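For what it's worth, the numbering used here labels the leading residue of the sequence shown as 9, then goes sequentially.
Encoded as C-alpha coordinates, the structure appears first; notes follow it.
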Amino acid sequence: MMRAYYYFLFRVYKFYTDRMKKNDIPLIYVASISTLLIFFNVFTVYSWLIYSDYFNDIIPSKYYVLIPIAII
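Okay, here's the thing in C-alpha coordinates:
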(Lines of atoms letter the chains of each structure in order from A; the text may use other names.)
(Lines give C-alpha, C1' and ligand atoms only; values in the text may rest on other atoms or scores of the structure.)
Protein backbone atom coordinates (compact mmCIF):
# COMPACT_ATOMS: atom_id res chain seq x y z
CA MET A 9 0.00 0.00 0.00
CA MET A 10 2.86 2.37 0.75
CA ARG A 11 4.27 1.77 -2.73
CA ALA A 12 1.06 3.10 -4.25
CA TYR A 13 1.16 6.12 -1.94
CA TYR A 14 4.80 6.85 -2.79
CA TYR A 15 4.08 6.43 -6.48
CA PHE A 16 1.13 8.80 -6.24
CA LEU A 17 3.28 11.43 -4.51
CA PHE A 18 6.00 10.93 -7.12
CA ARG A 19 3.49 11.46 -9.93
CA VAL A 20 2.19 14.64 -8.27
CA TYR A 21 5.78 15.84 -7.85
CA LYS A 22 6.60 15.14 -11.51
CA PHE A 23 3.40 16.89 -12.59
CA TYR A 24 4.35 20.06 -10.72
CA THR A 25 8.01 19.98 -11.80
CA ASP A 26 6.94 19.71 -15.45
CA ARG A 27 4.48 22.61 -15.18
CA MET A 28 6.31 25.01 -12.89
CA LYS A 29 9.07 27.54 -13.31
CA LYS A 30 12.48 26.94 -11.78
CA ASN A 31 11.86 29.45 -8.98
CA ASP A 32 8.78 27.69 -7.61
CA ILE A 33 9.04 24.84 -5.13
CA PRO A 34 6.94 21.75 -5.98
CA LEU A 35 7.60 20.23 -2.56
CA ILE A 36 5.06 22.59 -0.97
CA TYR A 37 2.32 21.32 -3.27
CA VAL A 38 3.22 17.68 -2.73
CA ALA A 39 3.33 18.15 1.04
CA SER A 40 -0.05 19.90 0.97
CA ILE A 41 -1.67 17.09 -1.01
CA SER A 42 -0.10 14.50 1.29
CA THR A 43 -1.36 16.36 4.36
CA LEU A 44 -4.87 16.56 2.96
CA LEU A 45 -4.91 12.84 2.20
CA ILE A 46 -3.72 11.95 5.70
CA PHE A 47 -6.25 14.34 7.26
CA PHE A 48 -9.04 12.82 5.19
CA ASN A 49 -8.05 9.30 6.26
CA VAL A 50 -7.81 10.21 9.95
CA PHE A 51 -11.14 12.03 9.84
CA THR A 52 -12.76 9.04 8.12
CA VAL A 53 -11.57 6.70 10.87
CA TYR A 54 -12.74 9.21 13.50
CA SER A 55 -16.17 9.42 11.87
CA TRP A 56 -16.45 5.65 11.69
CA LEU A 57 -15.58 5.30 15.38
CA ILE A 58 -18.28 7.80 16.29
CA TYR A 59 -20.79 6.05 14.03
CA SER A 60 -19.97 2.72 15.66
CA ASP A 61 -20.48 4.27 19.15
CA TYR A 62 -16.96 3.53 20.37
CA PHE A 63 -16.78 7.00 21.93
CA ASN A 64 -18.71 10.26 22.00
CA ASP A 65 -18.21 13.07 19.53
CA ILE A 66 -15.59 15.54 20.76
CA ILE A 67 -15.89 17.93 17.81
CA PRO A 68 -19.03 20.01 18.45
CA SER A 69 -19.53 21.38 14.95
CA LYS A 70 -18.48 20.80 11.37
CA TYR A 71 -16.89 24.25 11.32
CA TYR A 72 -14.19 23.03 13.71
CA VAL A 73 -13.15 20.63 10.95
CA LEU A 74 -13.54 22.98 7.99
CA ILE A 75 -11.37 25.73 9.48
CA PRO A 76 -8.19 23.59 9.74
CA ILE A 77 -8.81 22.25 6.24
CA ALA A 78 -9.04 25.82 4.93
CA ILE A 79 -5.84 26.77 6.75
CA ILE A 80 -3.97 23.77 5.33
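Even for Gly, the Cβ is constructed at its ideal location relative to N, Cα and C.
Here the structure is a predicted model, which is why all the values come from computation and not from measurement.
Reduced DSSP category for residue i - H, G, I as helix; E, B as strand; rest coil
{"i": "Asp65", "result": "coil"}
{"i": "Ile33", "result": "coil"}
{"i": "Met28", "result": "coil"}
{"i": "Ser40", "result": "helix"}
{"i": "Ser60", "result": "coil"}
{"i": "Met9", "result": "coil"}
Candidates the options, of which the one nearest residue i by Cα
{"i": "Ser69", "options": "Ile46, Ser55, Asp61", "result": "Ser55"}
Buried versus exposed call for residue i [16 or more other C-beta atoms within 10 Å across all chains shown]
{"i": "Val38", "result": "buried"}
ask   = Can you find at least 3 beta carbon pairs, one from the region 10-20 and one from the region 33-48, that sit closer than 8 Å?
value = Contact between the region 10-20 and the region 33-48 is present: 3 or more CB-CB pairs across the two stretches fall below 8 Å.
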